[in-house]
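Just so it is clear: in the sequence shown, position 170 is 170 by the UniProt record's numbering, and no numbers are missing. Glycine included, C-beta positions come from ideal geometry on N, C-alpha and C. Let me begin by presenting the structure, written as structure tokens, before commenting on it.
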Amino acid sequence: MRGTRALVTLVAIVSIVIGGASTLAACTPKIQQEQPKMAEFPHDFGANLTPTQLMIISLTEREYKEQPPGTKYSEGISEAWCVDFISWTFREAGIPLENPNTGGWRIPGTVTLRDYYQANGRFHPAKEGYQPSAGDVAIYQGSPIFGDHANIVLTNVNGVLTTVGGNEAGRIRVYENAEQNYTGLIGFGSLQ
């Protein structure tokens with residue numbers, strides 16, 4: 001009887017450990033530090049930016065420095081918040097997005113974000129050669145780097161994108177993709 005109880009206890013402990021490990025793996029963001037690399041917030045944007053682009057850059061830089069929780073951007077809802085960060089930024093910049101399902105300013109997911117840009121004639125598939133500029137949005141699906149994700153383009157220097165995004169390992173982060181490895185990038189949403 002004691003041996004059976006010990007075996008049951010051991011099986012229960014192993015099940016908890018394995019179950020906890022698989023849950024942790026499923027909840028871990030797909031961000032690899034090597035590709036693209038984390039970067040500092042850029043400060044050289046050139047002279048040809050519009051007031052809207054400057055406002056987006058200013059807002060994202062402030063939020064990057066402050067690092068508030070993701071619930072700031074999601075109206076208090078605890079969820080993956082990369083697109084909430086974009087929605088909040090654009091609303092604060094005076095160019096709110098419109099959720100095609102609810103009519104509200106907040107778009108909570110990458111599929112709905114792509115639908116929004118497609119419905120407004122501002123979605124550019126990645127394979128078509130569109131060169132994004134500051135304030136455009138990069139949208140990823142199934143990326144080995146980001147998973148399903150979206151972030152804001154800060155700079156594009158000869159195809160090397162520097163982006164800022166929310167919910168990148170639970171924070172607001174800046175990345176520079178010097179290797180131009182955009183696996184999983186489905187396209188861009190343009191400001192205009």
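Three-state secondary structure assigned by DSSP to residue i
{"i": "Thr110", "result": "helix"}
{"i": "Arg173", "result": "strand"}
{"i": "Ala138", "result": "strand"}
{"i": "Thr71", "result": "helix"}
{"i": "Gln33", "result": "For Gln33, the predicted model reports a pLDDT of 39, less than 50, meaning its position is unreliable and no value from the coordinates is stated."}
{"i": "Thr28", "result": "Bear in mind that a pLDDT of 30 at Thr28, under 50, signals an unreliable position, so the number given afterwards is only what the model happens to contain. In the structure shown, Thr28 sits in coil (DSSP, three-state: anything other than H, G, I, E or B)."}
Residue of the options minimising C-alpha distance to residue i
{"i": "Ser143", "options": "Ile152, Thr155, Asn181", "result": "Asn181"}
{"i": "Phe41", "options": "Ala169, Arg171, Thr183, Val164", "result": "Val164"}
{"i": "residue 197", "options": "Ala150, Gly129, Glu61", "result": "For the chain, the structure presents residues 1 to 192; residue 197 sits outside this window and is missing."}
{"i": "Cys82", "options": "Arg106, Glu98, Asn101, Pro100", "result": "Arg106"}
Limits of the alpha helix (DSSP H) - the one that residue i falls within
{"i": "Glu61", "result": "51-66"}
{"i": "Ile86", "result": "82-92"}
Integer Cβ distance of residue i from residue j, believed to fall under 8 angstroms
{"i": "Ile139", "j": "Leu161", "result": "Not confirmed; about 13 angstroms, so no contact."}
{"i": "Thr155", "j": "Phe45", "result": "6 angstroms"}
{"i": "Asn167", "j": "Gly70", "result": "6 angstroms"}
{"i": "Pro108", "j": "Ser74", "result": "7 angstroms"}
Element boundaries [beta strand (DSSP E), containing residue i]
{"i": "Glu168", "result": "160-168"}
{"i": "Ile152", "result": "147-157"}
{"i": "Phe188", "result": "185-189"}
{"i": "Pro125", "result": "123-125"}
- prompt: For the region 183-190 against the region 119-139, are there 3 or more C-beta pairs whose distance is under 8 angstroms?
  reply: Touching, yes, given that three or more Cβ pairs across the two stretches are closer than 8 angstroms.
message: Between the region 113-133 and the region 60-72, can you find at least three pairs of beta-carbon atoms closer than 8 angstroms?
response: By the Cβ criterion, the region 60-72 is not in contact with the region 113-133, since fewer than three pairs of Cβ atoms, one from each stretch, lie closer than 8 angstroms.
- request: Determine contact between the region 169-177 and the region 90-97, defined as no fewer than three beta-carbon pairs at a distance below 8 angstroms.
  value: No, they do not touch.
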